[in-house]
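Take a look at the structure set out below.
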Amino acid sequence: MNIRNARPEDLMNMQHCNLLCLPENYQMKYYFSHGLSWPQLSYVAEDENGKIVGYVLAKMEEDPDDVPHGHITSLAVKRSHRRLGLAQKLMDQACRAMIENFNAKYVSLHVRKSNRAALHLYSNTFNFQINEVEPKYYADGEDAYAMKWDLTQMADEVRVLQVRVLRGQGRGPQARTHIALSCPAKDFKEECDVITFAMSV
1 MNIRNARPED LMNMQHCNLL CLPENYQMKY YFSHGLSWPQ LSYVAEDENG
51 KIVGYVLAKM EEDPDDVPHG HITSLAVKRS HRRLGLAQKL MDQACRAMIE
101 NFNAKYVSLH VRKSNRAALH LYSNTFNFQI NEVEPKYYAD GEDAYAMKWD
151 LTQMADEVRV LQVRVLRGQG RGPQARTHIA LSCPAKDFKE ECDVITFAMS
201 V
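At the far end of the sequence shown sits residue 201, using UniProt numbering, and the numbering has no gaps.
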């Protein structure tokens, strides 16, 4: 299994995974918007054949009156590849990228009140806290838990890793992964322009 930064050519497969796994679905332009604005923050999980079996779609919230913070728009893993820790790895990579690229202080998300499995994952594995209940948040009228996770501890770990890398101590694959989290927006835009042209021909 491989976790890597999402590329423009992955977007259609990410959308397909979303349609298979979740009731909350998005038009392709929504995926392009995330990729163009925050290319560093979305990740995919690949199986041994290079097929995408999970993804995380993330962004930064643009609120000038609040501290820098990210938002998990969508996280999904295909049923055939669940219970392998992929959701945790995808979330971890996205949050580390938020810290390294945008100095995020916390990350937020919404989850259906009825989605006990996701609520357990977010609460017990990542220590998300319920901030409030948003009535009728979803299109079908279901309420959502608005949740937050303080990234202070992770930010401290990221800084320690960065210092070790600079000193030549972080030579393992994990260190190399976190050095190369950034994907220049210019490169992503150029690839998206090519794909958009190809789809419109």
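We put the CB at the ideal spot given by N, CA and C, even for glycine.
From residue i to residue j, what does the alpha carbon distance come to, in whole angstroms?
i, j, result
"Asp-143", "Asn-49", "38 Å"
"Ala-97", "Asn-5", "10 Å"
"Phe-102", "Val-165", "19 Å"
"Leu-20", "Asp-140", "18 Å"
"Leu-22", "Asn-131", "23 Å"
"Ile-52", "Ala-117", "22 Å"
"Ala-87", "Leu-75", "7 Å"
"Asn-124", "Trp-38", "27 Å"
"Val-107", "Gly-168", "30 Å"
"residue 253", "Tyr-30", "Nothing about residue 253 can be read from this structure; the chain reaches only from 1 to 201."
"Val-111", "Val-160", "32 Å"
"Tyr-26", "Gln-162", "36 Å"
"His-34", "Leu-11", "10 Å"
"Glu-9", "Val-158", "29 Å"
"Leu-121", "Pro-68", "24 Å"
Under the rule that 16 or more other beta-carbon atoms within 10 Å means buried, what is residue i, buried or exposed?
i, result
"Gly-70", "buried"
"Asn-18", "buried"
"Thr-73", "buried"
"Pro-16", "First, the residue type needs correcting, since residue 16 is His and not Pro in the sequence shown. Exposed: under 16 other Cβ atoms inside 10 Å."
"Val-133", "exposed"
"Met-1", "exposed"
"Met-28", "exposed"
"His-178", "Note on His-178: pLDDT 47, under 50, position unreliable in the model; the coordinate value appears next. With 16 or more Cβ atoms within 10 Å of its Cβ, His-178 is classed as buried."
Once the 5 residues before and after residue i are set aside, which same chain residues still bring their CB inside 7 Å of it?
i, result
"Ala-155", "Ile-99"
May I ask you to check if the CB of residue i is nearer than 7 Å to at least one heavy atom of the ligand SAM?
i, result
"Asn-13", "The ligand SAM is not part of this structure, which contains no ligands at all."
Quick one: what's got a C-beta closer than 6 Å to residue i's C-beta in the same chain, skipping five residues either side?
i, result
"Glu-24", "none"
For this session: Pick out the complete beta strand (DSSP E) segments inside the UniProt domain "N-acetyltransferase" (1-152), 3 residues or longer, and give them in chain order.
Result: With a minimum length of 3 residues, the continuous beta strand (DSSP E) runs that stay inside the UniProt domain "N-acetyltransferase" (1-152) are 2-5, 43-46, 52-60, 69-77, 106-112, 129-134, 144-150.
Problem set entry | Stretch pair the stretch 29-43 + the stretch 75-85: three plus CB contacts closer than 8 Å | Flag = no, the stretch 29-43 and the stretch 75-85 do not touch.
Exercise. For the stretch 87-94 against the stretch 131-139, are there 3 or more C-beta pairs whose distance is under 8 Å?
Worked result: Touching, no.
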